[in-house]
Amino acid sequence: GAGVSQSPSNKVTEKGKDVELRCDPISGHTALYWYRQSLGQGLEFLIYFQGNSAPDKSGLPSDRFSAERTGGSVSTLTIQRTQQEDSAVYLCASSRDRGQIYEQYFGPGTRLTVT
Amino acid sequence: AQSVAQPEDQVNVAEGNPLTVKCTYSVSGNPYLFWYVQYPNRGLQFLLKYITGDNLVKGSYGFEAEFNKSQTSFHLKKPSALVSDSALYFCAVRAGNRDDKIIFGKGTRLHILP
């Protein structure tokens with residue numbers, strides 16, 4: 069079946085512009101995560117959606133970052149007024165409901181470059 | 002608060018030798034533990050998980066991990082390393098609370114030397 073997809077795969081933007089990154093999780097997965105990975109580094113948690121619960125936004129680095137998940141499926145991560153330090157690979161993952169025992173399935177990521 | 006630690010940034014192992022990638026965790030309640038691997042220029046892939054039952058769990062590509070409750074560890078192991086095992090490995094943990102997010106370690110880069 070289809071895995072997690074993300075678009076675009078690459079995004080180059082100028083400092084100060086807004087960007088939107090999209091994630092399509094696996095159908096039926098109610099948990100969705102966004103992470104950021106700087107070159108060769110670990111995963112930085114950004115935000116977590118679980119079903120109809122309020123999202124856990126504790127990892128968002130600043131108020132320039134926001135995310136929404138429409139209809140319990142597709143999610144969009146928005147970065148406003150991008151800065152060079154926002155350059156990274158943004159990863160999306162999804163897992164099944166009652167996700168604590170289920171593994172995450174990761175998308176290929178969006179590589180964001182802010183010039 | 003839950004946390005996970007991978008004390009080694011990098012591990013070098015000769016091909017054919019056994020390998021161990023270390024992971025320790027801290028959670029309240031029962032832990033659910035995972036290992037993921039990221040091969041060069043590829044996405045993260047699930048390797049194995051411990052939920053309950055046998056302390057030794059087996060996963061993909063011949064990897065296994067041992068859950069040790071007293072030492073709060075979940076080290077990843079393989080009896081005989083392959084050059085193709087060279088990758089970035091992440092340990093992850095979540096507590097038993099239903100809506101608790103999963104927390105990843107910083108990753109350990111494994112180099113298998115031919």
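Chains A and B are the protein sequences, given in the same order.
If you want my numbering, it's the position in the first sequence, counting the first as 1, plus 68.
If you want my numbering, it's the position in the second sequence, counting the first as 1, plus 1.
All C-beta atoms, glycine included, are put in the ideal place defined by N, C-alpha and C.
Values in this document were obtained by computation on a predicted structure and should not be read as measured data.
By a C-beta neighbour count over all protein chains shown, 10 Å radius and 16 as the cutoff for buried, is residue i buried or exposed?
| i | result |
| --- | --- |
| E136/A | exposed |
| K85/A | exposed |
| T181/A | exposed |
| P32/B | buried |
| Q109/A | exposed |
| Q74/A | buried |
| G106/B | buried |
| A66/B | buried |
| D86/B | buried |
| G175/A | buried |
| Y90/B | buried |
Just the C-alpha distance for residue i and residue j, rounded to the nearest angstrom, thanks.
| i | j | result |
| --- | --- | --- |
| P123/A | Y170/A | 19 Å |
| K125/A | T138/A | 16 Å |
| G108/B | S74/B | 15 Å |
| D92/A | C160/A | 9 Å |
| D55/B | A96/B | 18 Å |
| N120/A | G140/A | 8 Å |
| V58/B | F64/B | 9 Å |
| C24/B | H97/A | 28 Å |
| G60/B | A6/B | 21 Å |
| A99/A | H76/B | 26 Å |
| Y103/A | Q39/B | 14 Å |
| K83/A | K70/B | 48 Å |
| V142/A | L114/B | 42 Å |
| D154/A | V12/B | 29 Å |
| S163/A | I94/A | 8 Å |
| V84/B | H112/B | 8 Å |
Assuming residue i and residue j make a contact with CB atoms under 8 Å, what is their CB distance in whole Å?
| i | j | result |
| --- | --- | --- |
| S134/A | T150/A | In fact, because the Cβ distance is near 13 Å, the residues do not count as touching under 8 Å. |
| K79/A | T178/A | 6 Å |
| L111/A | Q105/A | 6 Å |
| K78/B | L20/B | 7 Å |
| E16/B | A82/B | 6 Å |
| G71/A | Y158/A | Actually they are not in contact, since the Cβ atoms of G71/A and Y158/A sit about 16 Å apart, beyond 8 Å. |
| L45/B | Y37/B | 5 Å |
Residue i versus chain B: which residues are under 9 Å apart at the beta carbon?
| i | result |
| --- | --- |
| Q172/A | F35, Y37, L45, F47, A93 and I103 |
| P176/A | R43 and G44 |
| L159/A | G44 and L45 |
| G110/A | Q7, L89, F91, F105, G106, K107 and G108 |
| F113/A | K102, I103, I104 and F105 |
What in chain A is Cβ-close to residue i, meaning under 7 Å?
| i | result |
| --- | --- |
| K50/B | E171 |
Name, please, each residue of chain B whose Cβ falls closer than 8 Å to the Cβ of residue i.
| i | result |
| --- | --- |
| D86/A | Within chain B, no residue comes near D86/A; the closest Cβ sits about 26 Å away, beyond 8 Å. |
Give the residues of chain B in contact with residue i, contact being defined as C-beta atoms less than 7 Å apart.
| i | result |
| --- | --- |
| D124/A | K102 |
Unbroken stretches of the beta strand (DSSP E), 3 residues or longer, contained in the stretch 108 to 168 of chain A | 111 to 118, 133 to 137, 143 to 147 and 156 to 163
Start-end ranges of the beta strand (DSSP E) lying completely within the stretch 65 to 107 of chain B, minimum 3 residues = 65 to 69, 74 to 79 and 88 to 95
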